[in-house]
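Position one of the sequence shown corresponds to residue 156 (this note's numbering), numbered consecutively onward.
Where a beta carbon is used, it is the ideal one built from N, C-alpha and C, also for glycine.
To start, the structure under review is shown below, and the notes come after it.
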Amino acid sequence: MQIKKFIISLFFVVFLFPIHAIIAETKPSETPASISVSQIKKNILEKTPEFISKLIIATVEMLENFRKTNGVLAKEKKQEFNQEVILLNTPKESTTTGSSSVADLSKFEIEKPFAYAKLFLMTILTLIFEQKVLFYGFLLILMATIFRFIWRKIF
């Protein structure tokens, strides 16, 4: 069991973190401290092999499009659920008396908590999909959880 852990750990160290490929150069700082993000992106794209950079860029663009489209859909659904809650809160005038009005009243009373729960969940989803930090944070936590689950199943 210990040798299996050692071999897999060695695999991750050698192939995922190729230390032998990292070359440290010590140069005096020639660039100003206020380097722009576009220059950093340009430097990364220049120093990363093309087949890796294309894959990374495609993945990031796909994730960003997924976040934006689901953010719009969640916002639309939130507005629909908000209208549903408003309709449930408006008082109904009953023209008939008897058991049908009591049944309608109890039906609305049962639907109200579910409508509020749907509105609450859609509000949270809208917040997550509209905020990049939250979306990528949850994505990172999800990936770490899946990786930990796989790691525990192997060992």
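At the level of alpha carbons, what is the spacing between residue 281 and residue 268?
Taking the first residue of the sequence shown as 1, we reach residue 281 at position 126. Taking the first residue of the sequence shown as 1, we reach residue 268 at position 113. Distance between the alpha carbons of residue 281 and residue 268 is about 20 Å.
Applying the 10 Å Cβ sphere with the 16-neighbour rule, what's the burial state of residue 229?
Taking the first residue of the sequence shown as 1, we reach residue 229 at position 74. By the 10 Å Cβ count, residue 229 comes out buried.
Looking at the unbroken alpha helix (DSSP H) that takes in residue 286, where does it start and where does it end?
Looking up residue 286 in the sequence shown gives position 131. Note, residue 286: premise wrong, no alpha helix (DSSP H); not H, not E.
Report yes if the C-beta distance between residue 272 and residue 243 is below 9 Å; otherwise report no.
Locating residue 272 in the sequence shown gives position 117, where the first residue counts as 1. Locating residue 243 in the sequence shown gives position 88, where the first residue counts as 1. No; because the gap between Cβ atoms is not below 9 Å, this pair is not in contact.
In the DSSP assignment, find the unbroken alpha helix (DSSP H) run with residue 236 in it and report its ends.
The residue you call residue 236 lines up with position 81 of the sequence shown. Where residue 236 is concerned, the enclosing alpha helix (DSSP H) stretches over 205-244.
Looking only at its chain, what residues have a beta carbon closer than 7 Å to the beta carbon of residue 232, apart from the 5 residues adjacent to it on each side?
As a working note, residue 232 is residue 77 in the sequence shown. Cβ neighbours of residue 232 beyond the five flanking positions: 277.
Can you tell me the Cβ-Cβ gap for residue 275 and residue 159, rounded? I've got them flagged as a contact below 8 Å.
Taking the first residue of the sequence shown as 1, we reach residue 275 at position 120. Taking the first residue of the sequence shown as 1, we reach residue 159 at position 4. Actually they do not touch by this definition, with Cβ atoms about 45 Å apart.
Excluding five sequence neighbours on each side, which residues of the same chain lie with their C-beta closer than 8 Å to the C-beta of residue 182?
Start at 1 with the first residue of the sequence shown, and residue 182 comes out as number 27. Because the pLDDT at residue 182 is just 49, under 50, the model does not fix this residue reliably, and the point stays unresolved.
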